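Going down the list, the sequences are from chains A and B. Throughout, our numbering is defined as the position within the first sequence, counted from one, plus 19. Throughout, our numbering is defined as the position within the second sequence, counted from one, plus 130. Worksheet: the structure to be examined is printed underneath.
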Amino acid sequence: MTGTSKEETVVPDVVLDITHEVCPMTFVHTKLKLEEMRAGQVLEVLLSGGEPLQNVPRSVKYEGHKVLKLEPVGDNKYKLLIERGSD
Amino acid sequence: MAFSPEQLERYSRHILLREVGGKGQQKLLQSRVLVVGAGGLGSPVSYYLAAAGVGTIGIVDNDRVDLSNLQRQILHSTPEVGQPKVESAARTLTALNPDVKINTYATRLSPDNVQEIIAGYDLVVDGVDNFPTRFLLNDACVMAKKPLVEAGILRWDGMVMTIQPGVGPCYRCVFPAPPPAGAIPSCQEAGVIGAIAGVIGVLQATEAIKLLLGVGQTLTGRILTFDALATRFREVAVKPNPNCPVCGENPLITELQEYELACDIRGNLRKD
């Protein structure tokens, strides 16, 4: 289980770095990675501030996944933890 | 996922869609669609299917490009006048998307070849310009249980319907037999606004893509008509006809037959 109370201890199943991508390829890569995963698994995405920070979490939610956590990690980069929803 | 970086970029706007995604795009890349006719309807249909990355597209057409085609048949261009339409089509589609394999059939559909040609495809799109071939294609698709996206245009009007044999009505459920020779004028005789080929052909391409992806509600059991002069769409619900000569309870048509290609429809050579 990856409920909100356990956020701090969540260990991602898959890690993806999209800091070198621009929108909309940022979400294309995130989405394809999520498609390969099973419901309930956790994806950690490293993304840049600005457009990706605005768009990726929004699209992730729109597609029925759960944003567990979003935190800055310095250097205008952010760590996004996503729990994959069911199809 | 076996997308190349170029494919990821090319199909990104599809992959972004909830109803498509990577899996849906892979499905399209593995799909095979036969487009019958590389004319007014076949042009936009095959253009958008190629752009969408439908992996294999078959094009059937026995004509050569004529200058009078270019007002609406956007696959072909001025330097290609006189060349076989299937060759011109293959060049245009390959230039748009080299991912797509184009199979060309420079032939007229007949009871002898139609079954063999449609057999290798997941679905068929009708872009023919005459009733005999339209009925032949309907019958062959019903017998092979092959989905068929049917359409026709004339003057300022167009219609589209999607035929899923066994699921909804076929063309003959609505129109049991071809009209008498000469009863319906051809585009050659009556004219057609070029852009309506685009409107209706693009609707056909959209239906085909939805069928391939298995998403949304198709025009199965619904005829959509478009009046371009009034800019009005109308929808007519149609049901499978139990007395349909080809897909009804006791079909009279059990093998393919060819209707005479009336010269009134193609040219004006026949006088009755």
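Glycine included, every Cβ here is placed at the ideal spot set by N, Cα and C. Only a predicted model underlies this, so the values are computations on that prediction, with no experimental measurement involved.
Taking C-beta pairs closer than 7 angstroms, name the residues in chain B that residue i reaches, listed in chain order.
i     : result
A:P43 : S142, L146
A:E82 : R148
Out of the options, which one is the CA nearest neighbour of residue i?
i      : options                        : result
B:P299 : B:V165, B:I353, B:P310         : B:I353
B:Y251 : B:S240, B:A274, B:L266, B:N260 : B:A274
B:K369 : B:P381, B:S240, B:L349, B:T263 : B:L349
B:A358 : B:G288, B:C374, B:C377         : B:G288
B:C374 : B:L333, B:P295, B:E319, B:E388 : B:P295
A:L100 : A:T49, A:D106, A:D94           : A:T49
B:G212 : B:G351, B:V195, B:Q203         : B:V195
B:V297 : B:P277, B:S316, B:G152         : B:P277
B:A219 : B:I189, B:N227, B:L200, B:I248 : B:I189
B:L226 : B:I204, B:S240, B:Y235         : B:I204
B:L333 : B:T224, B:V290, B:F265, B:S161 : B:V290
A:H39  : A:K80, A:L53, A:N95            : A:N95
B:A327 : B:E319, B:R362, B:R285         : B:R285
B:V345 : B:F133, B:G151, B:E136, B:S134 : B:G151
A:D106 : A:E55, A:N74, A:G69, A:E70     : A:E55
A:P31  : A:K88, A:V79, A:V92            : A:K88
B:V163 : B:L382, B:V230, B:N268, B:A360 : B:V230
B:Q387 : B:N199, B:Q245, B:T234, B:I145 : B:Q245
B:S198 : B:F305, B:L138, B:G321         : B:G321
A:L53  : A:N74, A:V41, A:G83            : A:G83
If the cut is a Cβ gap below 9 angstroms, which residues of chain A does residue i touch?
i      : result
B:L138 : M44, V47, H48, L51
B:K153 : E54
Less than 8 angstroms between the C-beta atoms of residue i and residue j, yes or no?
i      : j      : result
B:G331 : B:G257 : yes
A:L72  : A:L65  : no
A:D43  : B:S142 : Checking the sequence shown, residue 43 of chain A turns out to be Pro, not Asp. Yes.
B:C303 : B:N371 : yes
A:V86  : A:V61  : no
B:V166 : B:L239 : yes
B:A338 : B:V216 : no
B:G185 : B:L343 : no
B:A281 : B:L171 : yes
Bridge partners of residue i, per DSSP?
i      : result
B:A307 : DSSP output for B:A307 lists no bridge partner at all.
A:D32  : Bridge partners of A:D32: none, in fact.
B:L159 : Its beta-bridge partners do not exist; DSSP assigns none.
B:F356 : B:G288, B:F363
B:T350 : B:T292
B:V322 : B:R285
B:D256 : B:V166
Shorter than 7 angstroms, the distance from the beta carbon of residue i to the closest heavy atom of the ligand NAP, or not?
i      : result
B:K231 : This structure does not include the ligand NAP; it has no bound ligands of any sort.
- Runs of beta strand (DSSP E) lying entirely within the region 202 to 241 of chain B, each at least 3 residues, in chain order: Counting whole runs of 3 or more residues, the region 202 to 241 of chain B contains the beta strand (DSSP E) stretches 231 to 235.
- Query: Of all the alpha helix (DSSP H) runs that stay within the bounds of the region 62 to 97 of chain A, which reach a length of 4 or more residues?
  - Reply: Runs of the alpha helix (DSSP H) lying entirely within the region 62 to 97 of chain A, each at least 4 residues long, are 70 to 81 in chain order.
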